[in-house]
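Numbering (the working numbering), first residue to last: 8 to 164. Here is the structure we will look at, set down as structure tokens.
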């Protein structure tokens, strides 16, 4: 190995956003600098639009247990984002009490939605509703599959 390898390694670690260097040693740096449940709650309350749980998972070893404890205490809401299937932590404002009926929760959880947009469009049409998408089925095909329109069907600009 050349003598440049340690310098390259040092530079790589020093420029890594997940690594902290205090002048003597390197250590792991999480996205948010929280060390306990109280700091975690304060951080979540500062994100009124919610904060992704994945951004909190590496803050400290027991962060997930503390999140569940905050949820059980009614101090935060943990909701799943349908698009990305990730949990989002929202602050529960104590000034605005929200109680959701258990029957409504069960009803909401029992509804199974199609995962594919084409299936959603078919269900909308079957129930007599219009959908906003007007693209042809041909336009929904992946471009990498090599499906092309014939020159005679292309519009002249």
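Every residue gets a Cβ at the ideal spot worked out from N, C-alpha and C, and that includes glycine. For clarity, every value in this text was computed on a predicted model and none was experimentally measured.
{"Item": "Comparing C-alpha positions only, which one of 30, 74, 23 sits nearest to residue 46?", "Value": "74"}
{"Item": "Does residue 51 pass the burial test, meaning 16 or more other C-beta atoms within 10 Å, or should it be called exposed?", "Value": "buried"}
{"Item": "What residue range is occupied by the uninterrupted beta strand (DSSP E) comprising residue 86?", "Value": "83-87"}
{"Item": "Can you tell me whether residue 103 is helix, strand or coil according to DSSP?", "Value": "coil"}
{"Item": "Classify residue 115 as helix, strand or coil using the three-state DSSP reduction.", "Value": "helix"}
{"Item": "Starting from residue 130, trace the alpha helix (DSSP H) in both directions and tell me its first and last residue.", "Value": "124-133"}
{"Item": "Once the 5 residues before and after residue 28 are set aside, which same chain residues still bring their CB inside 6 angstroms of it?", "Value": "21"}
{"Item": "To the nearest angstrom, how far is it from the Cα of residue 42 to the Cα of residue 121?", "Value": "40 angstroms"}
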